[in-house]
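As structure tokens, the structure follows; a few thoughts come after it.
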Amino acid sequence: MVKPKSQSAAGRQTATPDQIEKLASQLADKPYGHAKEKEAEIEKKAQAIGISLPPPMIEKLQDQALRNKRSGAGQKTVSGIIRELLEREGY
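According to my numbering, the sequence shown is numbered sequentially starting from 79.
Right under this line is the structure:
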């Protein structure tokens, strides 16, 4: 059953042309008639590498990552721990 117009349109307001244009500009990927703002410089993404470590060292790193996850402090991944140590040493 279709609702009467008085119930379905209750509380609706018609948008002004300015409001329509503002919403269209916000939602559009490429707004027409406006110069496109320069996008923030793209930050270089981390590149994956592979390293071989002795098993006891890997276990220590994994245990430290787990402790950090549980405590909520420090790096929570093995990669994060290694990255932090390398940065500390000046790499």
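The C-beta atom is built at its ideal place from N, Cα and C for all residues, glycine as well.
Practice task
Compare the beta carbon distance of alanine 143 and isoleucine 160 with 8 Å and say whether it is the shorter of the two.
Solution key: On the sequence shown, residue 143 is found 65 positions in, with the first residue counted as 1. On the sequence shown, residue 160 is found 82 positions in, with the first residue counted as 1. Their beta carbons are not under 8 Å apart, which means alanine 143 does not touch isoleucine 160 by this criterion.
Whole angstroms are fine: how far does the CA of glutamate 121 sit from the CA of lysine 100? If you number the sequence shown from 1, residue 100 lands on position 22. If you number the sequence shown from 1, residue 121 lands on position 43. So the two alpha carbons sit approximately 30 Å from each other.
| said: According to DSSP, is valine 156 part of a helix, a strand, or is it coil? | reply: Locating residue 156 in the sequence shown gives position 78, where the first residue counts as 1. Looking at valine 156 - three-state DSSP - the assignment turns out to be helix.
query: Would DSSP call leucine 105 helix, strand or coil?
result: Mapped onto the sequence shown, residue 105 falls at position 27. Note: leucine 105 maps to helix in three-state DSSP.
In the structure shown, what three-state DSSP assignment does alanine 143 receive? Position 65 of the sequence shown holds residue 143. Looking at alanine 143 - three-state DSSP - the assignment turns out to be helix.
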